[in-house]
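A.B. asks:
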Amino acid sequence: MTQTTIARLAGIPGQAPAVGPFSPAVIANGFVFTSGQIPAITGLDDQPGSFEGQVRRTIENLAGVLQAAGTSLQHVVKVNTYLTKPEQLEEYNRVYVEYFGDAKPARTTVCVSLWGVSLEIECVAVLVQGAE
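In this text, residue positions in the sequence shown follow this note's numbering: the first is 450, and each later residue adds one.
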């Protein structure tokens, strides 16, 4: 039987603390699994005012978690996005391609009801040595 090493990241420097009892990311079998990231700057009450700003902040928070885990947005293979309104999709996609470009990871996007935020993004990335 193969031994699997699992590493759980704690607080990420420069990011708002988690709002519950979970790890921002877990590393296992060469993959990084992130928890959902939200547009919080220093806390749930500190978010950009515009939806575009919220998308940017959420993806930047996601990038920070991935960097702390040793990978990057360029190594993401799956994204799950939770929006609160269908009409957000067009603006979300416009900002999303600025960060993911031609990488085009597999993605699921759904509309849900969220607590105090307009979107949440989680992902799975490959752990790559020397990730940018």
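Glycine is no exception: its CB is placed at the ideal position from the N, C-alpha and C atoms.
#1: Work out the CA separation of Arg505 and Asp494 for me, nearest whole Å.
#2: Mapping the DSSP letters down to three states, classify Val468 as helix, strand or coil.
#3: Identify every run of the alpha helix (DSSP H) within the segment 523-561, keeping only runs that are complete inside it and at least 4 residues long; order them along the chain.
#4: For Phe471 versus Ala574, is the C-beta spacing smaller than 8 Å?
#5: For Val566, report the span of its alpha helix (DSSP H) as first-last.
#6: Within 10 angstroms of its Cβ, does Glu581 collect 16 or more other Cβ (buried), or is it exposed?
#7: Who pairs with Arg457 in a beta bridge, going by DSSP?
#8: Identify whether Ala517 lies in helix, strand or coil by the three-state DSSP scheme.
#9: Judging by CA-CA distance, which residue of Val577, Ala467, Ala555, Phe482 is the nearest neighbour of Ile490?
#10: Let's test the definition: count the other Cβ atoms within 10 Å of the Cβ of Val528 and tell me whether it reaches 16, buried, or not, exposed.
#11: State yes or no: is the C-beta of Ile455 within less than 8 Å of the C-beta of Leu576?
C.D. replies: Quick answer:
#1: The residue you call residue 494 lines up with position 45 of the sequence shown. The residue you call residue 505 lines up with position 56 of the sequence shown. Rounded to whole angstroms, the separation of the alpha carbons of Arg505 and Asp494 is 17 Å.
#2: Stepping through the sequence shown from its first residue, residue 468 is reached at position 19. In the structure shown, Val468 sits in coil (DSSP, three-state: anything other than H, G, I, E or B).
#3: The alpha helix (DSSP H) runs lying completely inside the segment 523-561 and spanning 4 residues or more are 538-549, given in chain order.
#4: The residue labelled residue 471 in the question sits at position 22 within the sequence shown. The residue labelled residue 574 in the question sits at position 125 within the sequence shown. For Phe471 and Ala574, no; Cβs fall outside 8 Å.
#5: Locating residue 566 in the sequence shown gives position 117, where the first residue counts as 1. Annotation: Val566 is outside any alpha helix (DSSP H) and is labelled neither H nor E by DSSP.
#6: As a working note, residue 581 is residue 132 in the sequence shown. Residue confidence for Glu581 is low, a pLDDT of 42 falling below 50, so the modelled location carries little weight; the figure read from the coordinates is stated next. The residue is exposed, with fewer than 16 neighbouring Cβ atoms inside 10 Å.
#7: Position 8 of the sequence shown, counting from 1, holds the residue named residue 457. The partner list for Arg457 (beta bridge, DSSP) reads Val475.
#8: Reading the sequence shown from its first residue, position 68 is the one you call residue 517. In the structure shown, the three-state DSSP call for Ala517 is helix.
#9: Numbered from its first residue, the sequence shown carries residue 490 at position 41. Nearest C-alpha to Ile490 among Val577, Ala467, Ala555, Phe482: Ala467.
#10: For the purposes of this step, residue 528 is identified with residue 79 of the sequence shown, where counting begins at 1. By the neighbour-count rule (16 or more Cβ atoms within 10 Å), Val528 is buried.
#11: Residue numbering aside, residue 455 sits at position 6 when the sequence shown is read from its first letter. Residue numbering aside, residue 576 sits at position 127 when the sequence shown is read from its first letter. When the beta-carbon positions are compared, Ile455 and Leu576 stay at least 8 Å from each other.
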